[in-house]
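The structure appears below as structure tokens.
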Amino acid sequence: MDDLYQNSSFSQLDEPDPKEKTMDVLTKDLDYMEKIKELQGYLDMVKKIAKPGCSEEVLNVALSSMSSLVNLLSSMSSRSKTLASL
1 MDDLYQNSSF SQLDEPDPKE KTMDVLTKDL DYMEKIKELQ GYLDMVKKIA
51 KPGCSEEVLN VALSSMSSLV NLLSSMSSRS KTLASL
């Protein structure tokens, strides 16, 4: 009778398999790295399009868009640092 209760704890029943946790982390890491590569691809495209010799219109759109993006990302970064300090 003692054998029935020896290994039956809630933590063993509720916890996912460690292999599943590892796979989740690896999948998230791969997704993250794919997104980083995608971002780098977009940045490379901007560099190819907005280079010396491009039209002033293209240059203005690139400058405006990049400026807005940097401002937005900077704002998000500051907010997350502020929240982390609370």
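Mapping to UniProt numbering: the sequence shown position 46 is 46, numbers consecutive.
Ideal placement from N, C-alpha and C gives every residue a C-beta, glycine not left out.
Being a predicted model, the structure only gives us computed values, none of them experimental.
Asked	Found
Endpoints, the alpha helix (DSSP H) within which aspartate 17 is located	Premise fails: aspartate 17 is in no alpha helix (DSSP H) and is neither H nor E.
Lysine 81 - containing alpha helix (DSSP H), residue span	56-85
Helix, strand or coil at lysine 51 according to DSSP, with G and I counted as helix	coil
Beta carbon of leucine 43 nearer than 7 Å to that of alanine 50	no
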